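Undergrad: The structure is given below, and queries will be raised subsequently.
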Amino acid sequence: MTLLFDTQFLFVRALKKLVRNPILIFFSLFQPIIFLVLFTQLFSKFSQVPGLFPSGITYLEFATPGILMQNAFSSALQSGTSIVEDLNSGFLQKMLVTQVSRPAILIGRLATDAFRVTVQSAIILGLAYLLGFNMATGIAGILLTLFIIAFFGFAWSGISLTLGLRTKSAETVFGIGAFLTFPLLFISTALVPGSAMPTWMQDVSSVNPISFATTAVRDLALPNAFSLSAEVTSLAVIALIALVTMSVTVYLFRKVVS
Amino acid sequence: MPDIISVSDLVEVYADGTKAVDGISFKVNEGEFFGFLGPNGAGKSTTIKILTTLLRKTSGSVSVAGLDLDKEAKEIRKIIGVQSQETSVDPELTGRENIILLGHLQQMKGKELEERVDKLLEVVGLKDAADKRAGRYSGGMKKRLDLASTLVHKPKVLFLDEPTTGLDPQSRATVWDYLEELNKKDGITIFLTTQYLEEADRLCQRLCIIDAGKIVAEGSPVGLKKDIGADAITITVQDKKSAGDKVATKAAAKELLSKIPAVIKTVDTEEGLTIYVKNGGLFVPELVRAFDKTDIELVSINISTPSLDDVFLKHTGKRIRTEELVKEVTTGRFGSRRR
Ligand SMILES: Nc1ncnc2c1ncn2[C@@H]1O[C@H](COP(=O)(O)OP(=O)(O)O)[C@@H](O)[C@H]1O
Ligand SMILES: [Mg+2]
């Protein structure tokens with residue numbers, strides 16, 4: 172019970188901080204929106220080259236799931252900065268000398284990040300719709316997409332929190348996040364299909380988590396692409412990543428908190 | 029009176045091998061205003077962090093309100109309030125929200141919490157600024173907010189790590205008054221650490237003087253000063269003929285003083301030499317006469333009844349005023365370069 176209440180208090184606290192600092196959300200949204208507006212224009216003719224992209228769809232339709240994942244990925248990788256802030260300002264210690272349920276500190280943080288990524292994704296999706304995007308599986312597809320994104324974000328938040336607890340440096344967390352985003356994004360099927368890549372890139376891309384997550388959403392978005400088994404596989408891979416990152420996060424968090 | 033904090037043979041060795049706390053033992057009585065006085069790096073914060081369950085001790089045993097630190101940390105957290113050395117308020121929450129959050133985390137709610145928060149805001153003088161974000165508060169306001177939020181659940185024992193460091197004299201006086209009231213009226217036991225002699229002198233009923241991880245003296249401020257049993261005379265000297273070697277002149281003066289039977293002890297200080305004698309007033313003429321016969325000139329003489337600084341000096345051979353210690357190190361270095 173305490174766990175639930177404490178999680179809620181900390182979730183509300185983090186949300187208030189976020190709302191009062193909306194500039195952070197604008198910063199995170201800036202890049203995906205640039206991608207959504209400019210990249211899709213830049214690539215619009217390219218995607219009509221026969222054999223490279225799935226035929227009969229626009230580049231916007233192809234790339235929107237990838238852009239959503241890019242956003243989830245890069246936002247989640249910043250998650251660790253907030254715990255570092257609390258650690259270095261002493262606010263974490265201040266909470267730790269109260270009776271607060273220890274897991275609530277972690278869960279409250281993760282819940283906030285998942286919420287944030289979901290809201291950002293909804294904004295991106297809305298904008299994509301305005302530009303002509305359509306989700307083939309309709310409203311159910313949209314809900315499942317938001318769920319997948321929140322879950323995917325959850326996994327990477329864990330990595331970021333781990334980094335934060337380990338290095339105690341917001342700059343490092345931020346730097347590593349920025350450093351990882353582009354290589355992992357470009358060597359994935361987020362923006363370009365595997366068939367359009369050199370072989371070595373195809374190999375890397377096929378094990379890249381961003382590819383799995385993108386595929387999970389793309390299969391919901393594109394017409395006649397949905398297959399239950401493929402969907403389950405993608406989700407299983409994401410769940411596996413989340414399991415690993417969460418275990419490490421919990422382990423490190425307990426070390427800091429004890 | 030029963031003791032509410034009991035510490036024995038406490039040791040803390042940090043991961044890098046620093047022995048920050050080196051086998052200290054002490055007790056704090058219920059309702060007491062107790063202090064740890066010591067310079068920077070003495071081990072005060074480390075001790076507080078251990079006592080407040082934030083840091084795992086290397087060895088020793090600690091109990092707070094009869095609860096064992098190793099087994100009942102959670103119970104201890106319910107009854108203590110802690111203000112750490114670094115002021116920590118959430119800058120994006122308002123003053124009121126900061127206190128409410130801490131109240132929530134201490135399992136308070138509803139009307140009871142609301143009233144408590146209103147009262148605390150009023151007491152620490154933040155009523156008008158209550159709904160402003162804490163990030164816009166001045167340093168003194170943040171400290172007061174921090175204090176208020178540690179009091180929200182009416183703790184039995186309050187731990188304050190240098191609560192007035194960095195405050196202007198007026199804010200400091202306000203905090204002092206408030207702490208005294210908390211202790212006297214509400215009967216809260218207070219464990220305070222400080223580098224300020226005046227603070228320890230004014231607030232603490234009993235204190236431990238701590239240096240390099242060890243307790244070097246323990247007692248009431250009055251008792252500790254009395255124990256010195258002497259007045260302190262601080263003199264500065266220089267060579268009558270040349271402006272020559274200051275160190276040698278000082279050494280010569282010390283040598284001279286050691287031959288005077290009335291002198292109990294002479295200690296080197298940054299200003300010059302501090303001489304302890306039974307009766308300072310009567311000793312001064314003798315002092316002047318003794319120096320008259322030599323090449324050493326007495327530049328200044330300053331008599332004082334013993335302060336806690338003298339207590340510290342007696343037990344450690346150093347003065348506690350950290351800023352001046354830093355100055356001494358710098359001038360010392362310049363001196364040797366000139367030679
Ligand atoms: N996390 C740490 N790791 C290693 N040494 C530390 C750590 N924290 C403090 N110290 C060292 O322990 C000693 C005591 O520090 P501290 O308890 O903060 O002293 P005080 O609060 O009296 O100024 C100092 O020498 C300090 O440098
Ligand atoms: Mg300290």
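Protein chains in written order, with this note's numbering: chain A, 172 to 429; chain B, 29 to 367. Even for Gly, the Cβ is constructed at its ideal location relative to N, Cα and C. All values derive from a computational prediction rather than experimental measurement.
#1: Would you verify that the beta carbon of residue 268 of chain A is, or is not, closer than 7 Å to some beta carbon of chain B?
#2: Check whether chain A comes within 7 Å of residue 364 of chain B, counting only Cβ atoms and requiring the distance to be less than that.
#3: What residues from chain A crowd round residue 105 of chain B, counting only those whose CB sits closer than 8 Å?
#4: Please list the segments of the beta strand (DSSP E) lying wholly inside the stretch 151 to 239 of chain B, counting only runs of 3 or more residues, in order along the chain.
#5: Hey, is the stretch 213 to 220 of chain A in contact with the stretch 339 to 351 of chain A, meaning 3+ C-beta pairs nearer than 8 Å?
#6: Is it a yes or a no for the stretch 178 to 190 of chain B touching the stretch 128 to 144 of chain B, going by three-plus beta-carbon pairs under 8 Å?
#7: How big is the Cα-Cα spacing for residue 325 of chain B and residue 336 of chain B?
#8: Within 10 angstroms of the Cβ of residue 194 of chain A, are there 16 or more other Cβ atoms? Answer buried if so, exposed if not.
#9: Give the DSSP-derived three-state secondary structure of residue 218 of chain A in the structure shown.
#10: Against chain A, with Cβ distances strictly below 7 Å, would residue 359 of chain B count as a contact?
#11: Over the uninterrupted beta strand (DSSP E) stretch that includes residue 54 of chain B, give me the two end residues.
#12: To which residues of the same chain is residue 273 of chain B closer than 6 Å at the C-beta, ignoring the five residues directly before and after it?
#13: So residue 283 of chain A and residue 413 of chain A are in contact, right, with Cβ under 8 Å, and what is the actual spacing, rounded?
#14: Based on the DSSP secondary-structure assignment, which residues constitute the bridge partners of residue 294 of chain B?
#15: Excluding five sequence neighbours on each side, which residues of the same chain lie with their C-beta closer than 6 Å to the C-beta of residue 89 of chain B?
#16: Which class does residue 196 of chain A belong to by DSSP, given the choice of helix, strand or coil?
#17: How many Å lie between residue 207 of chain B and residue 235 of chain B at the Cα?
#18: Might you give, ordered along the chain, the residues of its own chain that have their beta carbon closer than 6 Å to the beta carbon of residue 408 of chain A, omitting 5 neighbours on each side?
#19: Once DSSP output is grouped into helix, strand and coil, what is the label at residue 397 of chain A?
#20: Tell me, please, whether the CB atom of residue 335 of chain A is closer than 7 Å to any CB atom in chain B?
#21: May I have the straight-line CA-CA distance separating residue 354 of chain B from residue 411 of chain A, to the nearest angstrom?
#22: Threshold first: 3 residues or longer. Then list the beta strand (DSSP E) segments lying entirely within the stretch 58 to 119 of chain B, N to C.
#23: Have a look at residue 242 of chain B and residue 322 of chain A and give me their C-alpha separation to the nearest angstrom.
#24: Does the stretch 115 to 122 of chain B come into contact with the stretch 75 to 93 of chain B, if we say contact requires no fewer than three beta-carbon pairs (one atom in each stretch) closer than 8 Å?
#25: At a Cβ cut of 8 Å, what residues of the stretch 120 to 135 of chain B count as close to chain A, listed as they run along the chain?
TA: On the basis of the data shown:
#1: In the first sequence, counting from the first residue as 1, residue 268 of chain A sits at position 97. Chain B places a beta carbon closer than 7 Å to that of residue 268 of chain A, counting this residue as a contact.
#2: Position 336 of the second sequence, counting from 1, holds the residue named residue 364 of chain B. Low per-residue confidence applies at residue 364 of chain B: pLDDT is 36, beneath 50, and the placement is therefore not dependable enough to give any value.
#3: Translated into positions along the second sequence, residue 105 of chain B becomes position 77. Within chain A, the residues whose beta carbon sits less than 8 Å from that of residue 105 of chain B are 268, 269 and 270, listed in sequence order.
#4: Positions of the beta strand (DSSP E) runs, each at least 3 residues long and wholly inside the stretch 151 to 239 of chain B, are given as 185 to 189, 217 to 222 and 234 to 239 in order along the chain.
#5: Flag = no, the stretch 213 to 220 of chain A and the stretch 339 to 351 of chain A do not touch.
#6: Because the criterion of three Cβ pairs below 8 Å is met, the stretch 178 to 190 of chain B and the stretch 128 to 144 of chain B touch.
#7: Here residue 325 of chain B corresponds to residue number 297 of the second sequence, with the count starting at 1. Here residue 336 of chain B corresponds to residue number 308 of the second sequence, with the count starting at 1. So the alpha carbons of these two residues sit roughly 29 Å apart.
#8: Numbered from 1 along the first sequence, position 23 holds the residue referred to as residue 194 of chain A. Flag for residue 194 of chain A reads exposed.
#9: Against the first sequence, residue 218 of chain A aligns to sequence position 47. When secondary structure is reduced to three states using DSSP, residue 218 of chain A falls in the helix class.
#10: Start at 1 with the first residue of the second sequence, and residue 359 of chain B comes out as number 331. Any reading at residue 359 of chain B must be qualified, since the residue scores a pLDDT of 40, below 50, and its modelled position is unreliable; the value itself is stated next. By this cut-off, residue 359 of chain B is not an interface position.
#11: The residue given as residue 54 of chain B occupies position 26 in the second sequence. Taken as a continuous stretch (DSSP letters only), the beta strand (DSSP E) holding residue 54 of chain B covers 47 to 57.
#12: Position 245 of the second sequence holds residue 273 of chain B. Here the set comprises nothing.
#13: The residue you call residue 283 of chain A lines up with position 112 of the first sequence. The residue you call residue 413 of chain A lines up with position 242 of the first sequence. The Cβ separation is near 16 Å, so there is no contact.
#14: As a working mapping, residue 294 of chain B is identified with position 266 in the second sequence. Note: residue 294 of chain B sits in a beta bridge opposite B/303.
#15: As a working mapping, residue 89 of chain B is identified with position 61 in the second sequence. Excluding residues within five positions, the ones whose Cβ falls inside 6 Å are 36.
#16: Stepping through the first sequence from its first residue, residue 196 of chain A is reached at position 25. Correct three-state label for residue 196 of chain A: helix.
#17: As a position in the second sequence, residue 207 of chain B is number 179, starting the count at 1. As a position in the second sequence, residue 235 of chain B is number 207, starting the count at 1. Distance between the alpha carbons of residue 207 of chain B and residue 235 of chain B is about 16 Å.
#18: On the first sequence, residue 408 of chain A is found 237 positions in, with the first residue counted as 1. Excluding sequence neighbours, residue 408 of chain A sits near 383.
#19: By one-based count along the first sequence, residue 397 of chain A stands at place 226. Residue 397 of chain A falls in the coil class under three-state DSSP.
#20: Counted from its first residue, the first sequence places residue 335 of chain A at position 164. False, the Cβ-Cβ gap to chain B never drops below 7 Å.
#21: Taking the first residue of the second sequence as position 1, residue 354 of chain B is located at position 326. Taking the first residue of the first sequence as position 1, residue 411 of chain A is located at position 240. In this prediction, residue 354 of chain B has a pLDDT of 38, which is less than 50 and means its spatial position is unreliable; what the coordinates show is noted afterwards. Rounded to the nearest angstrom, the two C-alpha atoms are 56 Å apart.
#22: For the stretch 58 to 119 of chain B, the continuous beta strand (DSSP E) assignments of 3+ residues that do not extend past its boundaries occur at 61 to 65, 87 to 92 and 108 to 111, in sequence order.
#23: The residue given as residue 242 of chain B occupies position 214 in the second sequence. The residue given as residue 322 of chain A occupies position 151 in the first sequence. C-alpha separation (whole angstroms): 52 Å.
#24: At 8 Å Cβ cutoff, the stretches do not touch.
#25: Along the stretch 120 to 135 of chain B, going in chain order, the ones with a CB nearer than 8 Å to a CB of chain A are 120, 121, 125, 129, 130, 132, 133, 134 and 135.
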